[in-house]
Each structure stands twice: as C-alpha cells, then as structure tokens.
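J.: Take a look at this one; I'll ask things after.
Protein chains: 2
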Amino acid sequence: MKRTKIIDVLKSTEYGKEVCVKGWVRTHRSSKAVDFIALNDGSTINNVQIVVDPANVTVVGGTAPQSSVTVDGTAPQSTVTVDCAAAVPQFSLKDVTTGACICAVGTLVESQGAGQSSEIQATSIEIYGLCGNDYPMQKKGQSFEAMRKNAHMRLRTNTFGAVMRIRHNMAMAIHTYFHDHGFYYFHTPLITASDCEGAGNMFQVTTKNLYDLKKDEAGKIIYDDDFFGQQTSLTVSGQLEGELGATALGAIYTFGPTFRAENSNTPRHLAEFWMVEPEVAFLDQEELMDLEEDFIKFCVRWALDNCKDDLEFLNKMIDKTLIERLQSTVQSDFVRLTYTRGIEILQEAIKNGRKFEFPCNWGDDLASEHERYLVEEHFKKPVIMTDYPTAIKAFYMKQNSASGGSAVGSVGYQGCIAPGPTMQGTDVLFPQIGEIIGGSVREESYDKLMAEINRRQMETDKLWWYLDTRRWGSCPHAGFGLGFERLILFVTGMQNIRDVIPFPRTPKSADF
Amino acid sequence: MKRTKIIDVLKSTEYGKEVCVKGWVRTHRSSKAVDFIALNDGSTINNVQIVVDPANVTVVGGTAPQSSVTVDGTAPQSTVTVDCAAAVPQFSLKDVTTGACICAVGTLVESQGAGQSSEIQATSIEIYGLCGNDYPMQKKGQSFEAMRKNAHMRLRTNTFGAVMRIRHNMAMAIHTYFHDHGFYYFHTPLITASDCEGAGNMFQVTTKNLYDLKKDEAGKIIYDDDFFGQQTSLTVSGQLEGELGATALGAIYTFGPTFRAENSNTPRHLAEFWMVEPEVAFLDQEELMDLEEDFIKFCVRWALDNCKDDLEFLNKMIDKTLIERLQSTVQSDFVRLTYTRGIEILQEAIKNGRKFEFPCNWGDDLASEHERYLVEEHFKKPVIMTDYPTAIKAFYMKQNSASGGSAVGSVGYQGCIAPGPTMQGTDVLFPQIGEIIGGSVREESYDKLMAEINRRQMETDKLWWYLDTRRWGSCPHAGFGLGFERLILFVTGMQNIRDVIPFPRTPKSADF
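If you're matching them up, the sequences are chains A and B in order. The numbering of the first sequence is the numbering used here, which starts it at 1267 and goes up by one. The numbering of the second sequence is the numbering used here, which starts it at 1267 and goes up by one.
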C-alpha cells in the first residue's frame, strides 16, 4: 500500500479511509485497552497518533536491535536477526519502543484528543527496525552539548528536525529570491591558489607524500609535484571570483561552503560554514542597501510564511521572543547610518554614563557590544552601517572622495563628512547576531585599487585575473556576503552555531 | 536614471520611451551617418542595438584601458586615467570598442533590422571602462582550449554566457524539484575523517607545519596537532551523511562540491565538481527508478521551457541535434533493464558481428562503448540499468535474495534470475554521456551490511556513525547521485567538462 507522509495525513479529513504511514516512534504508551504510538517521519514536527488495540492488530517483521556500543569507534558485535518476511512474528507490540521504525496501516479517524485533528486506528504494524535501550536520543532533557556527540542521531529529535527544515527553507528562500531577481547561481572554486582578503588562516590542500617532501637546495618545499602544481588551500570567500561572474553575467550569487582555519572555540565560529555572496554590476551604494534589506526581509518572511509549526515549537522551547523578533524585522525600516555618525552616538552614550569594555574612537573597529548598543538599545531595529574607515576594511572596497580638497577627510553616504579616508561599506547589524551581512561597493578604478593594494603591501602576482576586470571594460559594481549559519541562528533562536548545521567542523572535531 | 536590463528592453514595445541600459560592447560598427553598438549585459544572450548619431550624442567619462599584460602573472603597469566626472570628455565615441563598458541613454524605437524587435536611439553615452586591443575575448573563432587560459574573461562570450545561464537554471530546477517534493536540502560536510566508498584518491586537508612534522617513535606522522586532531580529507561523496539525514527527516538531498584527486586529464573528469545526492526513507527500487526518471525529465523540461534563447544559440553553434535530443529525452519512457539482460543483449550483438574493444561477460564492469551501444543503438533511448553484480558496486547497496536456495544465483528486478549475487542498483545511462545517475536501494540490514563490509575487509572504526543507522530504528531507504556537470554537458551539448564550470580544477591547474 502506498505510503502517505504524516504532514499530509494530519491535514486530511477523509475519515474512514485506509492509510499507510511509515516513520520512527517518538513515544509508545500503553493504557488498559489500547496502545498509543506517536509516529514521526520528518515531514513535519507533528506526530501522528496511532491507536493500537493489541488484540486486533497484526505485528510482523522486526530485526533485533544491535547490542550496545560506545561512541569511541568500537565496532558493534553482530547479533541474531530474524527474517522480515517471516510468517510468524518474532517480535510483538511491546518491542516497538522509542526510536523504532515501523510501517502502520489503519483507518484515518477524527481525533478525540486536544490539539490533534486526525489519528490512525491501526490494523497492522510492520516492524522495519527495532531500537534498543541504548538509543542515545531516548533520554529527555539532554543538553545540546551532549547531543553534539551524537550529531548523527540528534537529527531525529524535535529541535534538530525543526532547525534542519528551517535551514532548508532558508536555502530555498535564497535561491528563489535571486532567481526571481535575475541573478545567476555561480559556482566559484573551493580549492584556490590565491587568498581573497589576505585574511585568516587557511587549510592547505595537498596530495603530496608527507613522508617524502620534495625540497629545493635552500630547503624550501617545492610544489611542482603537488596535484595542482602549486600550493593550494580551501577558499575563505568566493567574492573575487564572484566579481568575475558579475562583470560578465550582470548579477550572480554564490552559495557554498567556505573555510577558516581559525582556532576559535566559540558559539559563533565554524571551520566550515556556508556563505551567500551576491555580486551585481551597475549597483551603487543606495541600491546595494536596498538589495540587502529587501533580501533579508524576504528570507525572514519566507520563514514566517513556510515554517509556522517549526517556529512555534522553537518559540515555545528555545526562545520565547523569536516569532515577535522575526515579525518586527520584517516590519521595520532598517536604519541607514554612517560609521562616523555611529561613533558620535556611542560617544554621546559614554558621555551619558554608558560603559563599554572596548574603546570606540573614530578609526576603531566596532566591538560586538557597540553594535548591539546601536541596534538593541539606541535604534531598536536593524542598522545598515556605511562608510567605514578605509584602514579597517578590505582592499577592494570603493573609496569615497576626499572632502573639500582635504588630504585626510572624506565624503560618505548622504554627504556625511568623515575625519579620515572612508569606503563605501554597507554592513547589516542585527539584534542578538551583530553583523549578519558585510557588503560594499567595489572599487572599479584600476589605479585607485592598485594604490590601495600597494599601500597594504599585498602581493599581486596571484591576483592578475582579478585586476583584469578593472583593465578591460571595468564597471561599477557592488556585493555582499551573508554567513548562512548566522541567518539560521537568527531565524531559529538557537544560541550555538554548531547546532544549526548538521555536522559542525570545529577545532579537534571532524566526526561524522 | 534607472537602468533597464537588456532582456526587458528587448521585450518592451513602449516605443518613444526613454531608457537607460548598461553593459559591455560586443561590436561597434560605423556607417556613413550613424554608429551601431551591440550591447550585452549578461541578462540574455541577445544584444540590444544602440544607434548613435555621432553629431548628436554626448559622450562623457572614460578611464584609459590599462597597458597590455601577459597572463603569466606579471602585474600590469599603471597608466594615466581621467576623472570620470570630468566636464570635458577625454574620450570619444571611437574609443568605445569591443569589451568596453558603457551606459547608454536614449529612446526606445522599433527596429528596422530583421530579427530584432526594439533598439535604442542614443542621446548620451557614459563610458565606464574602456577596453584595449589586448582584450583576449576580442579575437573571433578561438578554440575552447585557448579560452580556458582566460577563463576569467570567457564568461563575457556568447557561448559561456549561455552555458552559465543554463547551469544556473539547472541548479534552480534541482532545488525546485526537491522542494516541491518535500525533500530537505541537507549540507553534508566537505572536510571528512572518513572515506565514503574506499574509492579514489582524496585530497588531504591540513594545517600542519610541513617543515616540522610531528612523528612517533616509529616515524609515523602524528595528527593530534592537526586542526581536527586527526587526518582529514575532502569528501568524495556526501551520501553516507545524507543517509543520516534521510533516516531522520525522511527525504533529503545534497547539492555541493565533491572532490577526486584522480590524475585524469580527460574531457569527463574534474578534481572539484558538483554532485546532487538525494536520499529517501521508505523508497523501494521501483519507486527509486520513478524518482530518477521523473527528476531528470523535470530538469531537461525546465531547460526547454526556460532557456530557449540560449539553447537555440547552442543548437546552432555547438550541436545541431541538441534541442531534438532534449525533447526526445523528455518524451521517451526510459528502458528499465537488468544488468544480466543487458549482458545478454550485448552478447547477442557480438554474435551478430558487433565488435567491442573490451569484453562484456557477466561480472564485468560495462565500458562506455557497451553503455552507448545499449542506449544509442539498441534501445535508442535512456536506459535505467538495475541489479549489478555485487562485486562491481559499492558495499552499501541492498543485496538481492538468493535464487531458489542457490548459493551463487540471485533474484533481481522483475524476477530476473542472475548467475551470481546482485544488488539493487539503478544507474541511468544517457546518450552521449553514459552514466549520468548512479543509484541504489541501500542495505538496511545491519548483519548483511556488516557481512559485506567484512567480505571487503573494510575498516569500520571510522564508520560507527553510519552503522548506527542500522542499529537504531533501521529503515528501508534508497538514493542516487547525479554528477551536476554531466547534466550540464547533456543539456548544453558542450563536449568538455572544463567548459561547463566557471573555473575548472584539473591536474596542474588551479588558476582563478
């Protein structure tokens, strides 16, 4: 009999109809006359209730659960199994415990219980796989930290099911938004011989035999025998290659894994994470901010529209202000604020007695506490901060022109005069998260770009292809980067970035 | 003035309206009275024609093209530039050559030329970036091999624009198909401590200092000081982790980069390529084949429906049978054929005088010539081949039961009796491409899986998490893998896999 997904069974009101559901047992309660099995198949956070009269149900199949094994990598011992097609069932209803996988056939009936619409009066149950008492997700109230050790099984819990469904939906929102706006999904390479921003530690990628490293006379390792004939690493950003796409196809976005070999054991850092990086030709700073705001509101609205059940669960169990915060984000106009004006506001706050741990004078990189003050206390809504000092941002950002012949001052967004050189950055700061988007107009003048590269003493020999975009038909363009997991943190209310990706990669941890 | 994309300008019939377009010059012809500029902005393969009366157009802006530079990494010398906002233009219309980037404002008029609907009568032209004679995409009739050296600029050509737009569309088709069918996009890790199939060479990922490698007393390299505290590599497949997702969320798909460190310099191999790997709980072999066929037809239909202009261009320039082949794929019912029956057909052909280079006896892996014979000559349509010999396929595939108590024979799809043990594989073979999908039902019995693992003498200490899916609530499930670039080859008619990804990674090549 054809299986119906539980999400569809729960919506159906075709009472009296025979249905077949398949899934994993969340709970199994026995009362005097009947048993109740709550079954989940991942299609929704909601379980369907299977009502079973033990006297009137056929139970077939079953494979014995395997013996206990520790998670240190010891292979489990094989145990006795039974033939699933055996005529005489080896197992009975009482063996169908939490975590077991079954197929239940029965009649769809209107539920008597509160909060449920439909349930199933079972006529037969087929056991696909039983589940021993050592099933690690059986225990209620485990910490997220403990569950990370069983990341392969935590996916079967309510919280991680909800997070993963929302994660999928956010990816779909991203693809839909860009597709509908004429952007092309552009696959930039992960293995790279260049280093986007000169920033951060990179993972080396090699096929060299580490036991027999070829070296030159001075003892320097030679890479001509490595797979790519040169030293290569995992990319820290697809932006520079993305610009190649945008200056040919008009508007592109990347959405793929990105790597940082930072030894940071924090709730905000992963060694392998997903980035979204749109790049658009002919976009100016104002249009870039419009794009950032429209894009992120579209994603949040998508979650509110498409992930209602999962959000309600997370709002109840994880963060009671979640849905309210998402709604407020969609409804509010983001503040557009120059860095220079932001510093003024922070210094006024200090004058009025607000204490910060870190200094915030013009030219300083803002700390998380400063960003949160502006977003959560001063404006109480998302802020797009613009026109940062040149020195604290990347080399490729578009330089503002000097103010009134001044050698040091510059003119930024809406004519704001800054005391030093600034660039057309446009970062989006969010409550709780801080910087969720880092964007800028890109410097399209070859000479200005080269001057900045030289000022920073960057090596250009591996960037010739990037510089070519400014040599042949250079065009104004802009783009931004969004850390996908930061968006998922915001939309789920989860606190640790390791809990919004299936199998986190962090220092000393690459299991699964 | 707000820019209109060229794709929209060409559709518009609002003649007399003032429009602003921005893009790159494809050609610039001068006739007696007027100039014609064909402009492209990547939004479509079609150019808009800008008609310019040199006497009545304002030309402003312009940055001198940079001096010539070889692609060997020599940094170009900086040259004189002019201020884009200068009141007196430094450059004139004749400087607007192929590859230059401009903004043109003018009146939309009905085109007099054949094959074009609308064109623009220019009133002003702003030069964003000029383009010197050394622009590598200027030369007509370059080979694709030559263009690969300028992969950063080939994106601005008709062929690569078309291929990249189709590539985007195929990605969108994939996400749309799975989203609409209740699959969740599941991000499996790229850095891994395990090796999916024991197949193929892997790239090592490390942060170790290669000049000071820590070793134990026996001289073996120790990895406790590496980033992840163990030896890690780039994944060759996300399938095993995908099964963790499917056995929790019901149906997932991966779509991400995958790596093979094979030293293969062929038109079919990349070291870094994109894979699509759906995994579905409760799917049997027949349903898996339905999914494969329905999915790939959906993608091809999407291309026919959404990439008309680009396909027509490729059909004209690259492969005159392209559109016909795509239409035939969508319309035909795929043949479902056991491996055993396939071998019989091949041997009948040999008996009738057909010559093959490689043998094809039962138990042999089919060569490309065999697959192509079946698909292109015998059936003349796509074939789903099932029930391969156990020995030539991966360990995780579902084993068919023995036939009539035989120790060697087995019963496969539709009761087909095979002379040896077979597995429930379901590979899709396409004309020209060969294997485009590799799929199978997965073995859900812990004991059968372990027996196969032991038979192959595989190490299980890094696969404990995978085996756990068969220990706790094991369920029947199935899935397949599609090499994304092979799909793009099929849909574009391109011959070399290096020409359907923006920046190919191959032995000795990791530029851009």
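Even glycine gets a Cβ: it sits at the ideal position worked out from N, Cα and C.
1. Should Pro-1773 (chain B) and Phe-1493 (chain A) be called a contact, given that it needs their Cβ atoms to be closer than 8 Å?
2. Counting contacts by CB-CB distance shorter than 8 Å, is Trp-1568 (chain A) in contact with chain B?
3. My output table needs one value for Pro-1839 (chain B): the three-state DSSP class, helix, strand or coil.
4. Determine which residues share a DSSP beta bridge with Pro-1685 (chain A) and list them.
5. Quick one: list the residues of chain A neighbouring Arg-1269 (chain B), beta-carbon separation under 9 Å, in chain order.
6. Quick check on the DSSP output: the alpha helix (DSSP H) that includes Ala-1527 (chain A) runs from which residue to which?
7. Output needed in chain order: residues of the region 1424 to 1450 of chain A with a Cβ under 7 Å from some Cβ in chain B.
8. I'd like the ranges of any beta strand (DSSP E) spanning at least 3 consecutive residues and lying wholly in the region 1480 to 1507 of chain B.
9. Given this structure, state the Cα-to-Cα distance separating Ile-1272 (chain B) from Ser-1706 (chain A), to the nearest angstrom.
10. Mind reading off the beta-carbon distance from Lys-1659 (chain B) to Gly-1686 (chain B)? Whole number of angstroms is fine, and I expect it under 8 Å.
11. Work out the CA separation of Val-1649 (chain B) and Phe-1622 (chain B) for me, nearest whole Å.
12. Just the Cα atoms here: how many angstroms apart are Cys-1573 (chain A) and Asn-1435 (chain A)?
13. Going by Cα to Cα distance, which pick from B:Thr-1472, B:Leu-1500, B:Val-1502 is closest to Ile-1488 (chain B)?
14. Comparing alpha-carbon positions, which option in A:Ser-1711, A:Ser-1503, A:Ile-1702 lies nearest Ser-1634 (chain A)?
15. Suppose only complete runs of 3+ residues qualify. What are the beta strand (DSSP E) ranges in the region 1737 to 1775 of chain B, listed by chain order?
16. For Phe-1696 (chain A), which three-state DSSP category applies?
17. Hey, would you say Gly-1608 (chain A) sits closer than 8 Å to Met-1651 (chain A), going by beta carbons?
18. For chain A, check one thing: does any of its Cβ atoms lie closer than 8 Å to the Cβ of Ala-1366 (chain B)?
19. Around the C-beta of Tyr-1394 (chain B), are 16 or more other C-beta atoms found within 10 angstroms, so that it is buried, or is it exposed?
20. Return the residues of the region 1605 to 1617 of chain A that lie within a Cβ-Cβ distance of less than 9 Å from chain B, sorted by chain order.
21. Grab the span of the alpha helix (DSSP H) containing Tyr-1712 (chain A) for me, first residue to last.
22. Using a Cβ-Cβ cut-off of 8 Å, state whether Gln-1470 (chain A) counts as contacting chain B.
23. Tell me the rounded alpha-carbon separation between Ser-1667 (chain A) and Phe-1756 (chain B).
24. Which residues share a DSSP beta bridge with Asp-1631 (chain A)?
25. With a cut-off of 8 Å, do at least 3 Cβ pairs link the region 1529 to 1540 of chain A to the region 1513 to 1520 of chain A?
26. Listed from N- to C-terminal order along the chain, which residues in the region 1733 to 1749 of chain B have their beta-carbon within a distance smaller than 8 Å of any beta-carbon of chain A?
27. If you measure beta-carbon to beta-carbon, which residues of the region 1387 to 1403 of chain A are closer than 9 Å to chain B?
28. Consider the Cβ of Ser-1775 (chain A): report whether some Cβ of chain B lies at a distance smaller than 8 Å.
29. Per DSSP, which one or two residues make a beta bridge with Ala-1668 (chain A)?
30. Could you check whether the region 1305 to 1317 of chain A touches the region 1282 to 1297 of chain A, counting it as contact only if at least three pairs of C-beta atoms, one from each stretch, sit closer than 8 Å?
31. Going along chain B in order, which residues have a C-beta closer than 9 Å to the C-beta of Ile-1487 (chain A)?
32. Give me the chain B residues within the contact set of Ile-1303 (chain A), using Cβ-Cβ distance strictly less than 8 Å, ordered along the chain.
33. Under 8 Å Cβ-Cβ, which residues of chain B neighbour Pro-1768 (chain A)?
34. Going by Cα to Cα distance, which pick from B:Leu-1374, B:Ala-1615, B:Thr-1363, B:Asn-1424 is closest to Gly-1328 (chain B)?
35. Grouping DSSP H, G and I as helix and E and B as strand, with all else coil, what is Gln-1551 (chain B)?
36. The beta strand (DSSP E) that contains Thr-1270 (chain B), what's its start and end?
T.: Well, looking at it:
1. Yes, these two residues count as a Cβ contact at 8 Å.
2. For Trp-1568 (chain A), the answer is no, since every Cβ of chain B falls outside 8 Å of its Cβ.
3. With chain B running from 1267 to 1778 in the structure shown, residue 1839 (chain B) is simply not present.
4. For Pro-1685 (chain A), which the question treats as bridged, DSSP gives no partner whatsoever.
5. Result: Phe-1548.
6. DSSP places Ala-1527 (chain A) in no alpha helix (DSSP H); its state is neither H nor E.
7. For the region 1424 to 1450 of chain A, which is checked against every Cβ of chain B, the residues closer than 7 Å are Gly-1427, Met-1430, Arg-1431, His-1434, Ala-1437, Met-1438, His-1441, His-1445, Gly-1448, Tyr-1450.
8. Taking only runs of at least 3 residues, the beta strand (DSSP E) segments lying wholly in the region 1480 to 1507 of chain B are 1498 to 1500.
9. C-alpha separation (whole angstroms): 25 Å.
10. Rounded, the Cβ-Cβ distance is 12 Å, inconsistent with contact.
11. Rounded to the nearest angstrom, the gap between the Cα atoms of Phe-1622 (chain B) and Val-1649 (chain B) is 19 Å.
12. Looking at the two C-alpha atoms, the distance is approximately 8 Å.
13. Comparing C-alpha distances from Ile-1488 (chain B) to each of B:Thr-1472, B:Leu-1500, B:Val-1502 shows the shortest one belongs to B:Thr-1472.
14. A:Ile-1702 is the residue among A:Ser-1711, A:Ser-1503, A:Ile-1702 whose C-alpha sits nearest the C-alpha of Ser-1634 (chain A).
15. DSSP runs (the beta strand (DSSP E)) wholly in the region 1737 to 1775 of chain B: 1743 to 1749.
16. DSSP places Phe-1696 (chain A) in strand when its eight states are reduced to three.
17. Against a cut-off of 8 Å, the Cβ pair of Met-1651 (chain A) and Gly-1608 (chain A) comes out as a contact.
18. For Ala-1366 (chain B), the nearest beta carbon of chain A is closer than 8 Å to its own beta carbon.
19. With 16 or more Cβ atoms within 10 Å of its Cβ, Tyr-1394 (chain B) is classed as buried.
20. Per Cβ criterion, the list is empty.
21. 1712 to 1721 is the span of the alpha helix (DSSP H), which, as asked, contains Tyr-1712 (chain A).
22. Yes - at least one Cβ of chain B is within 8 Å of the one on Gln-1470 (chain A).
23. Cα to Cα, Ser-1667 (chain A) sits roughly 50 Å from Phe-1756 (chain B).
24. DSSP links Asp-1631 (chain A) through a beta bridge to no other residue.
25. At 8 Å Cβ cutoff, the stretches do not touch.
26. Going along the region 1733 to 1749 of chain B in chain order, one finds Leu-1733, Asp-1734, Thr-1735, Arg-1736, Arg-1737, Trp-1738, Gly-1739, Ser-1740, Cys-1741, Pro-1742 with a Cβ nearer than 8 Å to chain A.
27. Residues passing the 9 Å Cβ filter: Tyr-1394, Gly-1395, Leu-1396, Cys-1397, Gly-1398, Asp-1400, Tyr-1401, Pro-1402, Met-1403.
28. True, the Cβ-Cβ gap to chain B drops below 8 Å.
29. Answer is A:Ser-1676.
30. The region 1305 to 1317 of chain A, when compared against the region 1282 to 1297 of chain A, does touch it at the 8 Å Cβ threshold.
31. Going along chain B in sequence order, the residues near Ile-1487 (chain A) (Cβ under 9 Å) are Leu-1476, Tyr-1477.
32. Here the premise fails: no neighbours, minimum Cβ distance about 13 Å.
33. Residues of chain B passing the Cβ test: Phe-1452, His-1453, Thr-1454, Pro-1455, Glu-1507, Leu-1510, Gly-1511.
34. The shortest C-alpha separation from Gly-1328 (chain B) is found at B:Thr-1363.
35. It is helical.
36. No beta strand (DSSP E) contains Thr-1270 (chain B), which DSSP labels as neither H nor E.
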